[in-house]
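Numbering (full-length UniProt numbering), first residue to last: 1 to 365.
These notes are about the structure you will find just below.
Right, dumping it as structure tokens:
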């Protein structure tokens, strides 16, 4: 059984995302604590899926977010423009001069190498998008008048403030009303929930949002921490989950949330920061679909690999409405995104399809 996806002919957008887009400051091969220079990128878990769908797969996408109306805010806007994602739904907040009342988010990120894991130091308190409230966004205009085939948001945005869970609920309920597919990446981050109710609040929020989700994405920690589904078969020392353990967890989750039409995750075995076994699994219509495996995938920058997986899954359903193709496109896109710097994908559709078909890494001339 395929997903009931709105036809492209009646929608101005293939996909819309809701989330924070931060300025990522990357010390390259160095460390945050000792660097004298940073390379600037943009990135955000929800937005990354929109950029991947636009740049890799040619879909028309947009992002709902907010920035302070200053030079940093417009720098991030310019990055979004370069990525081809529509800026129509960006909201601007007046600059108070020093960021006392509202600011733009920063994310200092080093990639890790070998035995040294990647490190992220977000600086995102009191940001413009975290202050959005119910009624600030005209979702009826976006989903009803303009039309979108797919809507994506996630647990990172829901954890940014006391008000963002209500904004997410308002958005997913509106999307459902107009027949837009809703996907949600649980993306559990304990540091984000710490000051707004902790683990208990995380589960309260995500369990309510989950009632309106068609496509749920997350790893074993996400499903356990955010929704309360325990899983056995995880080796914490190597971040590995057995396929069978994930299957049992998803079967439990789907029984609790019969509205889930798809559930998916990447399966990673972290050998070192720069070498992972990589694959993916997806549940749809009572069946599990596994991607081809990418053993000992060499990682340049793992940040955003899961987001590129999510955008590949979205593409697979919107383009083919086929679960096996969705998990293959997701796994290949995520793997390729891990081979380039920055949060966002630099892959092409041709490169993704080459990996799906088993292509190697010979020089292309």
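Don't be surprised by glycine CBs; every beta carbon is placed ideally from N, CA and C.
Since the structure is predicted, the reported quantities are computational estimates derived from the model, not experimental observations.
- In this structure residue 31 touches residue 110 by the C-beta definition: roughly 6 Å separates them, less than 8 Å.
- Straight through space, the alpha carbons of residue 358 and residue 285 are spaced by roughly 27 Å.
- When 283, 268, 289 are compared, the shortest CA-CA separation from residue 305 is found for 268.
- Around the C-beta of residue 243, fewer than 16 other C-beta atoms lie within 10 Å, and the residue is accordingly described as exposed.
- Cβ contact annotation for residue 124 (same chain, cutoff 8 Å, sequence separation greater than five): 20, 22, 105, 106, 107, 130, 160, in chain order.
- Distance between residue 307 and residue 94, taken at the CA atoms: about 30 Å.
- Inclusion of residue 183 and residue 152 in the CB contact set at 9 Å is warranted, their separation being smaller than that value.
- In this chain, the beta strand (DSSP E) harbouring residue 289 covers 287 to 290.
- With contacts defined by Cβ atoms closer than 9 Å, residue 58 and residue 85 do not form a contacting pair.
- Burial is judged here by how many other beta carbons sit within 10 angstroms of a residue's own beta carbon; residue 82 has fewer than 16 and is exposed.
- Under the DSSP assignment, residue 136 falls outside any beta strand (DSSP E); it carries neither an H nor an E label.
- Between the region 137 to 155 and the region 34 to 44 there are fewer than three C-beta pairs closer than 8 Å, too few to call the two in contact.
- The criterion of a C-beta distance shorter than 9 Å is satisfied by residue 273 and residue 117.
- Listed as beta-bridge partners of residue 66 by DSSP are 91.
- Closest in alpha carbon position to residue 328, among 315, 74, 37, 3, is 315.
- Contact between the region 43 to 52 and the region 331 to 347 is present: three or more C-beta pairs spanning the two stretches fall below 8 Å.
- Residue ranges of uninterrupted beta strand (DSSP E) with 3 or more members, entirely inside the region 279 to 336 and ordered along the chain, are 287 to 290, 294 to 298.
- DSSP lists 61, 150 as the beta-bridge partner residues of residue 15.
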